[in-house]
Structure formats: structure tokens, C-alpha cells
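Under this note's numbering, the first residue of the sequence shown carries the number 350, and numbering increases by one thereafter. For every residue, glycine included, the Cβ atom is placed at its ideal position computed from N, Cα and C. Working notes, beginning with the structure itself.
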Amino acid sequence: MANYSLKALNQMDQDTFTAVLGEIFEHTPAIAHQTWTKRPFSSVADLHQAMVAVMYALPHQQQLNLIRAHPDLGSRAKMTQSSVQEQSGAGLDQLSAEDYQTFQSLNQTYQETFQFPFIIAVKEHTQDSILQAFQQRLTHDAAMEKQTALAEIAKIAQFRLYQLTDDENPPFVQS
Numbered sequence: 350m351a352n353y354s355l356k357a358l359n360q361m362d363q364d365t366f367t368a369v370l371g372e373i374f375e376h377t378p379a380i381a382h383q384t385w386t387k388r389p390f391s392s393v394a395d396l397h398q399a400m401v402a403v404m405y406a407l408p409h410q411q412q413l414n415l416i417r418a419h420p421d422l423g424s425r426a427k428m429t430q431s432s433v434q435e436q437s438g439a440g441l442d443q444l445s446a447e448d449y450q451t452f453q454s455l456n457q458t459y460q461e462t463f464q465f466p467f468i469i470a471v472k473e474h475t476q477d478s479i480l481q482a483f484q485q486r487l488t489h490d491a492a493m494e495k496q497t498a499l500a501e502i503a504k505i506a507q508f509r510l511y512q513l514t515d516d517e518n519p520p521f522v523q524s
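Right under this line is the structure:
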């Protein structure tokens, strides 16, 4: 994955900016496209905040579409390269048959409960802490869980954005 300087990102035309940053938010290049108009960015953190503001300003249905664009955890379905790397970093690509079944069961229960997939910034977690989060978040109501999913998407986007840029000091937020 290429690393881009903030200066380079600020100088890109809208189409290039969208192409480079379009997958920061899973299958939702419209966020990068809309964020371009807010240039120039003073830092990568400023760019991330602008992208998150666009995400939160999306109409309800578009927010749901963004949430639903994310793959189930531990899934063997086709995913973006970023999702593959993130899930493998937490060992979700090497689940035992029993653990795979547990994740699939939780994914199904969660999906039936909220009508969208369980989202968590896996870089901050282990398999055990993800399973604990599944159990805890299944107690949320739908509005609370939608907000939690969007907050987790913002964290995922932050990890992806800093991985794509040459910023040496990402200010990662811990949960």
C-alpha cells in the first residue's frame, strides 16, 4: 500500500483523492468525495475528523448502507483488502471450527437483532475481547448500537487512514 503525504493529498483533484481514500470507509467512496471540498487539511487528524463529520452527516439510510457494507467478523466471504488484513491481525482468519461456529452464530444473532453486521475495530482487540463485546453489545437497543457501530467505523477509518499516509505519530484512540 502506497503512503501519501498530507501535502500530496491536499493537492489531489477530487477524482484522484476519491480513488486514493475511497475505501477508508468500507465500500463508501462518497465520504472521500465529499470530504475533498474541505481541503486543505492541516494534519491527518484534521482529515480524519473531516471524513468522520461527513459520515455522521449522512442521511440515516446512507449510514445504514455504510454499516451494512462491512463484512461479518470471522467470515470467509469476499472482503476488501483492508478488512482481510484487519481480521487476520486479530487471528480471525485462523479460527478453529468451534470458534468459527461461535462467530457465525453470534453474527447471525446480531444481524437478526439489529439488521446490520457487528462492527468493531479489531486492531484494538483479541478474539476473546471481540466475543465479550459481541455479548455486551447484544444488550444494546438499536439506536445505541447504530451509534456504537458508527463510532467503531470511525476508529477503523482512522487506522486505515494512518496506514495510507506517511504520518509518523497517529493519535489512536483507545476504547
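Residue i to residue j span [Cα, whole Å]
| i | j | result |
| --- | --- | --- |
| M493 | F366 | 32 Å |
| M428 | K504 | Low per-residue confidence applies at M428: pLDDT is 47, beneath 50, and the placement is therefore not dependable, though the value from the model is reported in the following sentence. So the alpha carbons of these two residues sit roughly 18 Å apart. |
| A368 | H376 | 11 Å |
| L358 | K472 | 25 Å |
| D448 | S354 | 40 Å |
| Q476 | L407 | 31 Å |
| L499 | L415 | 9 Å |
Exposed unless 16 or more other CB atoms sit within 10 angstroms - verdict on residue i
| i | result |
| --- | --- |
| P420 | buried |
| E313 | Absent from the model: residue 313. The displayed extent of the chain is 350 to 524, so no value can be given. |
| A351 | exposed |
| A470 | buried |
| A491 | exposed |
| R397 | It should be noted that the sequence gives His, not Arg, for residue 397. Buried is the call here. |
| Q523 | Any reading at Q523 is ruled out, since the residue's pLDDT is 43, under 50, leaving its predicted position unreliable. |
| D364 | exposed |
Top-ranked residue by Cα proximity to residue i, from the options
| i | options | result |
| --- | --- | --- |
| T497 | F467, A399, D516 and E473 | F467 |
| A379 | Y449, V403, Q450 and I479 | V403 |
| P389 | L480, Q411, A406 and D362 | D362 |
| L480 | H489, N456 and R417 | N456 |
| Q412 | D516, L513 and K495 | K495 |
Residue i - containing alpha helix (DSSP H), residue span
| i | result |
| --- | --- |
| A509 | A small correction: the amino acid at residue 509 is Arg; Ala does not occupy that position in the sequence shown. From DSSP, the alpha helix (DSSP H) with R509 extends over A491 to L513. |
Give a yes or no on contact between the region 372-383 and the region 505-516, applying the rule of three or more CB pairs nearer than 8 Å.
-> yes
Taking 8 Å as the threshold, find out whether the region 375-394 comes into contact with the region 455-464 through three or more Cβ pairs.
-> no
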